[in-house]
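Quick note on the working numbering: the sequence shown kicks off at 345 and runs consecutively. Every residue gets a Cβ at the ideal spot worked out from N, C-alpha and C, and that includes glycine. Keep in mind that this is a model prediction, so the values were computed, not measured.
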Amino acid sequence: MKTPILGLAHLRKIKGFSQKELAHKTGIVRTTLSRIESGRVRPSLYEVRWIAEALGAGEAEVLASLEPMNAILWVPKCERPSGMEKFLQYRHGTTSDNPSGAI
């Protein structure tokens with residue numbers, strides 16, 4: 345039997361909020377909140393903070409509740425590629441220095 349993934353929607357329900365209530369409390373549009381919960385949109389760090397404050401949870405708890413595909417990718421400014429192609433290479437771990445993608 346598979347262990348269910350307890351995502352942001354589960355955390356929201358445990359805390360007693362509907363999507364509409366959480367959207368109102370955070371200022372995030374309800375449809376955007378739905379997309380964040382389903383993993384179709386990555387929340388900004390501001391949105392993570394607003395959700396955490398509204399739920400009375402820690403930011404780490406909110407981040408941990410996000411679906412894996414919805415994890416936030418943080419790249420230090422000094423390491424950010426200049427173009428979209430370089431960004432995609434970085435995102436997938438393939439660069440001219442590392443063509444295999446091995447880490």
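Pair within 9 Å by beta-carbon distance, residue i and residue j
| i | j | result |
| --- | --- | --- |
| residue 404 | residue 359 | no |
| residue 357 | residue 398 | no |
| residue 385 | residue 379 | yes |
Cβ-Cβ separation, residue j to residue i (assumed contact under 8 Å), whole Å
| i | j | result |
| --- | --- | --- |
| residue 406 | residue 352 | 7 Å |
| residue 388 | residue 355 | Residue 388 to residue 355, Cβ: 18 Å. No contact. |
Nonlocal neighbours in the same chain, by C-beta distance under 7 Å from residue i, ignoring five residues either side
| i | result |
| --- | --- |
| residue 364 | 374 |
Residue i at chain D interface by Cβ criterion, 9 Å
| i | result |
| --- | --- |
| residue 357 | Judged by its chain identifiers, the structure shown contains no chain D, having just a single protein chain. |
Through-space distance from residue j to residue i, alpha-carbon basis
| i | j | result |
| --- | --- | --- |
| residue 383 | residue 372 | 15 Å |
| residue 432 | residue 421 | 16 Å |
| residue 391 | residue 381 | 12 Å |
| residue 362 | residue 377 | 11 Å |
Same chain only: Cβ atoms within 8 Å of residue i, ignoring 5 sequence neighbours per side
| i | result |
| --- | --- |
| residue 396 | 402, 403, 405, 406 |
Own chain residues within Cβ distance below 6 Å of residue i, not counting five before or after
| i | result |
| --- | --- |
| residue 423 | none |
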